[in-house]
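Undergrad: Residue numbers (my numbering): 1335 to 1759. For glycine and all other residues, C-beta sits at the position ideal for the given N, C-alpha and C. What you are looking at is a predicted structure, and each value in this text was computed from that prediction instead of being measured. Before we start, here is the structure in question, set down as structure tokens.
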Amino acid sequence: MNKETLKYVLRQAFDAGPPSTRPRALELPFRSNRIVLLRGIRRSGKTSLFYHTMRRLEASGVAREQVIYVNLEDDRLYPIRAEELDLILQAHAELFPGFQRKPRYLFLDEIQAVAGWERFVRRIHDTERVGIFITGSAPHLLSRQIAPVLRGRSLSYELLPLNFAEALQFRDIRVEPYSKASEATVVSALEDYLRWGGFPEILLAEEPLRRKIISEYADLLYYRDLLDQFSIRNEHVMHLLLKHCLSQPATLLSPHKLFNDFRSQGITISKNTVYDYLRFLQEAGLLYTVPIYAQSLRKREQNPKKLHLVDVGLMQAFTAQPDKDLGRKLENLVYLKKRTFAGEGFYYADGQEIDLVHRGEAGLVFTNVCWTLDHPETRRRELAGLTAVRQRFPKARLELIAHDVGQQSVPAPIKRRLAWQYLLT
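Below, the structure is given as structure tokens:
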């Protein structure tokens, strides 16, 4: 990395200033005295959140000269070695000598471009008046992979693609109370969101381009965050697993069954490889696996996990019928919302199955999710599960979330909720 070139890059970023961006539900702290790590799937909006944080800094009274932004994947800086990262602060001090002694805020975007960056960050954090903010794709900033030199000094955040409430804001759709027309618009937007998901670029694109863009996203994730990051040796098996998982939201996932399926197709692979590749998919931020609700850790480990996707729009790239299974896609959305405030949670299966189990402020919350309650068999099944759970957990909160709640009431204490209303709470 050349210092003179770096000065041009820094000056260009300074002159342009951080562009205006839409606010997100997640806001990064900038008075924490901790290194702020922001991870997330590619194209989820990490850089935009950086820009928003930089604008918040300026609004709080911090001079623009105190803010340093570098995209480490900028081809003008390539290649960058860890020992050259010091040039960033040197170049900034030479460009703005009057601000060297003031607090500075360093935003390093796409940190995975620099191997061994952790020691530089640790030293600057310990010795300089510099607030440090870092983004990277999901595999590079997992808490268990963060070098020991940063533990106890960092705050880690995960940014997902836009949730439904954020998607409405991006599309300038307002919810007007007591308006049937507004409600119809929101319901239509939810159906669109279930088809295409919440990647910002896709959300704002015209529909003919959406499928092409999401296919390119899928290729980028596959090659950059799976094959390259994890040095995958059996690309065929990884692609089959990726296609299987990203076309099966809210279903049970059994590595043992997948292993047997591969064997029946004449594919030679070890069971450990299946487990490893599934773990890689999780570390890449593409999916989450949720255990069964059980007191026994052994039972949780032995039973199949439930699979949820980071964004249901990815199904467009991996299945010929992405508009099917709307109930499972809706369950996936409800899971992602609950995950943001209640953790990863569980599913329940003991004679009856409950889609989602989380710990709320007042205790356990059992939730079933379906597309419509107008079908008698669906209604019977969903209510039977919640009624049975009540006998075992009398103090638990029970809720039934549906796109169409139907005309009939549900027995107390089950709470019936419209999906779009729940997703906007």
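What residue range does the alpha helix (DSSP H) around His-1642 cover?
TA: Counting along the chain, His-1642 falls outside any alpha helix (DSSP H), though it belongs to the beta strand (DSSP E) covering 1639-1643.
Undergrad: For Arg-1714, count neighbouring Cβ atoms within 10 angstroms of its own Cβ and tell me buried if that reaches 16, exposed if not.
TA: Burial call: exposed.
Undergrad: In angstroms with no decimal places, state the Cα-to-Cα distance between Lys-1514 and Val-1699.
TA: The straight-line gap from Cα to Cα measures roughly 31 Å.
Undergrad: Looking only at its chain, what residues have a beta carbon closer than 8 Å to the beta carbon of Glu-1569, apart from the 5 residues adjacent to it on each side?
TA: Excluding residues within five positions, the ones whose Cβ falls inside 8 Å are Leu-1561.
Undergrad: For His-1692, list the residues DSSP reports as bridge partners.
TA: Val-1699.
Undergrad: Do three or more CB pairs link the region 1529-1536 to the region 1640-1649 at distances below 8 Å?
TA: As far as the Cβ criterion goes, the region 1529-1536 touches the region 1640-1649, which means the pair count is three or higher.
Undergrad: CB Arg-1487 to CB Arg-1368, shorter than 8 Å?
TA: Contact flag set, yes.
Undergrad: By the 10 Å Cβ neighbour count, where 16 or more other Cβ atoms means buried, how is Ser-1394 classified, buried or exposed?
TA: Exposed.
Undergrad: Tell me the residue span of the beta strand (DSSP E) that contains Tyr-1611.
TA: Here Tyr-1611 belongs to no beta strand (DSSP E); instead the alpha helix (DSSP H) covers 1605-1617.
Undergrad: Assign His-1709 to one of three DSSP states: helix, strand, or coil.
TA: If DSSP states are grouped into helix, strand and coil, His-1709 belongs with coil.
Undergrad: So, using beta-carbon positions, are Ile-1748 and Thr-1701 closer together than 8 Å?
TA: In this structure, Thr-1701 does not lie closer than 8 Å to Ile-1748 by Cβ.
Undergrad: Distance, Cα to Cα, Leu-1580 vs Ile-1566?
TA: Whole-angstrom Cα-Cα distance: 18 Å.
Undergrad: Across the region 1497-1505 and the region 1450-1469, are there enough close Cβ pairs to call them in contact, namely three or more that are closer than 8 Å?
TA: The answer is no - the region 1450-1469 does not touch the region 1497-1505, with fewer than three Cβ pairs under 8 Å.
Undergrad: Helix, strand or coil for Ser-1366 per DSSP?
TA: In the structure shown, Ser-1366 sits in coil (DSSP, three-state: anything other than H, G, I, E or B).
Undergrad: What are the residues that DSSP puts in a beta bridge with Leu-1621?
TA: For Leu-1621, which the question treats as bridged, DSSP gives the partners Leu-1643.
Undergrad: Can you tell me where the beta strand (DSSP E) holding Asn-1405 begins and where it ends?
TA: That run of the beta strand (DSSP E) goes 1401-1405.
Undergrad: Would you say Leu-1732 reaches chain B, if we count a Cβ-Cβ gap shorter than 8 Å as a contact?
TA: Chain labels in this structure do not include chain B; a single protein chain is all it has.
Undergrad: Given that a residue counts as buried once 16 or more other Cβ atoms are within 10 Å of its Cβ, and exposed if not, what is Gln-1446?
TA: Per the 10 Å Cβ criterion, buried.
Undergrad: Whose C-alpha, out of Glu-1517, Ala-1518, Leu-1538, is nearest the C-alpha of Leu-1496?
TA: Out of Glu-1517, Ala-1518, Leu-1538, Leu-1538 has the C-alpha closest to the C-alpha of Leu-1496.
Undergrad: DSSP three-state call for Tyr-1669: helix, strand or coil?
TA: Reduced to three states, the DSSP call for Tyr-1669 is helix.
Undergrad: Quick check on Gln-1424: does DSSP put it in helix, strand or coil?
TA: In the structure shown, Gln-1424 sits in a helix (DSSP, three-state: H, G or I).
Undergrad: How many Å lie between Leu-1433 and Arg-1373 at the Cα?
TA: The sequence given here places Phe at residue 1433; Leu does not occur at that position. Distance between the alpha carbons of Phe-1433 and Arg-1373 is about 30 Å.
Undergrad: Would you kindly work out how many angstroms separate the C-alpha atoms of Tyr-1439 and Ile-1402, rounded to a whole number?
TA: Approximately 6 Å between the Cα atoms of the pair.
Undergrad: Considering only the alpha carbon of each residue, which of Gln-1725, Arg-1377, Glu-1535, Asp-1408 lies closest to Gln-1686?
TA: It is Gln-1725 whose Cα lies nearest to the Cα of Gln-1686.
Undergrad: Under 8 Å by Cβ, that's how I've got Tyr-1527 and Val-1571 pegged, so tell me the actual separation to the nearest angstrom.
TA: At roughly 32 Å, the Cβ-Cβ gap does not stay under 8 Å, so Tyr-1527 and Val-1571 are not in contact.
Undergrad: Residue range of the beta strand (DSSP E) that His-1737 falls in?
TA: Note, His-1737: beta strand (DSSP E), 1731-1738.
Undergrad: Report back the beta-carbon spacing between Leu-1781 and Leu-1575 to the nearest angstrom; my notes put them in contact at under 8 Å.
TA: Missing from the structure shown is residue 1781; the chain here goes from 1335 to 1759 and no further.
Undergrad: Under DSSP, the beta strand (DSSP E) around Ile-1466 begins and ends at which residues?
TA: Its beta strand (DSSP E) spans residues 1464-1471.
Undergrad: Going by beta-carbon coordinates alone, are Val-1404 and Val-1343 separated by less than 8 Å?
TA: In this structure, Val-1343 lies closer than 8 Å to Val-1404 by Cβ.
Undergrad: For Pro-1431, count neighbouring C-beta atoms within 10 Å of its own C-beta (all shown protein chains included) and say buried if the count is 16 or more, exposed if not.
TA: Under this definition Pro-1431 is an exposed residue.
Undergrad: Could you check where the alpha helix (DSSP H) with Leu-1524 kicks off and where it finishes?
TA: Unbroken alpha helix (DSSP H) run through Leu-1524: 1514-1530.
Undergrad: Evaluate the contact criterion for the region 1648-1664 versus the region 1539-1548: three or more CB pairs, one atom per stretch, below 8 Å.
TA: Result yes; three or more Cβ-Cβ pairs closer than 8 Å.
Undergrad: Are Leu-1295 and Gly-1697 close, meaning C-beta to C-beta below 8 Å?
TA: No information on residue 1295 is available, as it lies outside the stretch 1335 to 1759 that the chain covers here.
Undergrad: Please look up how many angstroms separate the CB atoms of Arg-1358 and His-1386, rounded, as I've assumed it's under 8 Å.
TA: So it is a contact: roughly 7 Å between Cβ atoms.
Undergrad: Check Ser-1394 in the structure and name its three-state DSSP category.
TA: Three-state result, Ser-1394: coil.
Undergrad: Taking C-alpha atoms, which residue in His-1692, Thr-1674, Pro-1589 lies nearest to Leu-1641?
TA: When each option's Cα is compared against that of Leu-1641, the closest is Pro-1589.
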